[in-house]
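Following full-length UniProt numbering, the numbering of the sequence shown begins with 1 at its first residue and continues without gaps. Ideal Cβ positions, reconstructed from N, Cα and C, are used throughout, including at glycine. Remarks on the structure that follows.
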Amino acid sequence: MPPMMVFSRKRMDQQLILNAAPGASGVCSGSCWMTKELFLEWFENFIEFSRATVERPVLLLLDKHNIHTQNIDLMNEPGYHGVIILCFLPPIQPTVFRSLMLLT
1 MPPMMVFSRK
11 RMDQQLILNA
21 APGASGVCSG
31 SCWMTKELFL
41 EWFENFIEFS
51 RATVERPVLL
61 LLDKHNIHTQ
71 NIDLMNEPGY
81 HGVIILCFLP
91 PIQPTVFRSL
101 MLLT
C-alpha cells in the first residue's frame with residue numbers, strides 16, 4: 001500500500017513527495033499528528049488497496065491511539081467493508097518512535 005505522509009503545514013507542496021514511493025500521498029496537519037479526518041482518508045485508501053469485502057475480510061492491526069479507538073465514523077465503516085480491526089498496542093510514544101528510527 002502506498003504511504004500517506006503527514007506534514008506539519010497548512011498547505012501541501014507537491015515537491016515534498018516528488019521522490020516518494022509510487023502512489024504516495026502527502027497531507028497536511030497543523031500539528032503534524034494524525035487527525036480523525038486524515039485517518040478516515042487513509043482508511044478509505046486501505047479499503048480500496050486491500051480489496052476487503054465481507055466475503056474476503058482483512059485484519060487491520062492498530063495501536064490504541066484515540067484516533068483509532070474513539071472514532072465513531074470509523075467504527076461504523078469496517079464491518080460493512082470486511083475489515084476486522086484489532087487494537088492491541090499502546091499508542092506509540094515519540095521516544096519509542098525515535099528509538100525505532102535509530103534501528104533502521
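### Message
Using a 10 Å radius around the Cβ and a threshold of 16 neighbouring Cβ atoms, would you call residue 114 buried or exposed?
### Response
Because the chain spans 1 through 104 in this model, residue 114 falls outside it and cannot be assessed.
### Query
Which ranges would you report for the alpha helix (DSSP H) in the UniProt domain "DDE-1" (2-92) if only whole runs of at least 4 residues count?
36-50, 66-69, 72-76 and 78-81
### Message
Output needed for Thr35: all residues of its chain with C-beta closer than 8 angstroms, excluding positions within five of it in sequence on either side, in chain order.
### Response
Ser29 and Ile67
#### Entry: Pairwise C-alpha distance: Ser25 and Glu19
One point to set straight first is that residue 19 is Asn, not Glu, in the sequence displayed. One C-alpha to the other measures close to 11 angstroms.
### Task
Kindly indicate which residue of Trp33, Arg9, Asp73 and Pro3 has the alpha-carbon position closest to the one of Gly23.
Pro3
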